[in-house]
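Here the sequence shown stands for residues 20 to 160, numbered as in my numbering. This report refers to the structure that appears directly beneath it.
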Amino acid sequence: MEKRINMITKKIDELINLLLTKGVQPSDIASNIFLNDYSSICYRKIDGRVVGELLIQETDISSSKLRYYYNLTQEVIKIEEEFMGVTSVIWDRNFAESKIVNELVSLLKDVYDERQISKFISTLPKSLQSKVIDEVNKLTA
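Here's what the structure looks like:
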């Protein structure tokens, strides 16, 4: 039981860290232009988001492109890498948040009853409450 409670605490800490961390800022990335491997860095607004593209020269014949997507509150919401014509998502804020919430709810259901879980949910920011409730409902269905 104590191990599960420690795991719950760890997941809550992970969630808080994610919510409080905006991620690497454009000004920090822009300063990388002075490094040898970076050949281009540009930013633009697209559909209410800011997208930063970094072109990195890996070798004489290959390069990769990193794209950082920001919302207008300057949070990194996604990072993609394009290499040899293939684009891969390296990190996604929504996915990371959902993963932590899913793991947290699973742990909560192992340790607490429905009333205690509801009480816990009521302490969360409004933006998270519906996500946690949805996950609880999935596990009880």
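Positions of the beta carbon are idealized from the N, C-alpha and C atoms, including for glycine. All figures in this text were calculated on a predicted structure; none of them were measured in a lab.
Under the three-state DSSP convention, the category residue i falls into
i: GLU77; result: coil
i: ASP47; result: helix
i: LEU158; result: helix
i: THR106; result: strand
i: ASP111; result: strand
i: LEU54; result: coil
Any chain E beta carbon closer than 8 Å to residue i
i: THR159; result: No chain E appears in this structure, which consists of one protein chain only.
Contacts around residue i, its chain only, beta-carbon distance under 7 Å, and the 5 residues preceding and following it disregarded
i: ILE140; result: GLN148, VAL151 and ILE152
i: ILE155; result: Looking at the sequence itself, residue 155 is Val, so the reference to Ile does not match. Once the five neighbours on either side are set aside, the close Cβ partners of VAL155 are VAL124 and ILE136.
i: THR2; result: Past the boundaries of the shown model lies residue 2; the chain is included only from 20 to 160, so the question cannot be answered.
For residue j and residue i, believed in contact at Cβ under 8 Å, the rounded distance
i: LEU4; j: LYS30; result: Outside the modelled stretch of the chain, which goes from 20 to 160, sits residue 4, for which no answer is possible.
Chain-order list of residues whose beta-carbon lies under 8 Å from that of residue i (same chain, five-residue window excluded)
i: TYR162; result: Lying outside 20 to 160, the shown extent of the chain, residue 162 is not represented and no answer is given.
i: LEU34; result: GLU116, ILE119, VAL120, LEU123 and LEU147
i: LEU126; result: ARG23, MET26, ILE27 and LYS30
Neighbour-count burial assignment, residue i, 16 or more Cβ in a 10 Å radius
i: VAL108; result: exposed
i: GLY71; result: buried
Contacting residues, own chain, Cβ-Cβ under 6 Å from residue i (five flanking each side not counted)
i: ILE52; result: ILE60
i: GLN76; result: ASP56, SER58 and SER82
Boundaries of the beta strand (DSSP E) in which residue i is found, first to last residue
i: ILE27; result: That residue, ILE27, is in no beta strand (DSSP E); its alpha helix (DSSP H) goes 21-39.
i: ILE60; result: 57-65
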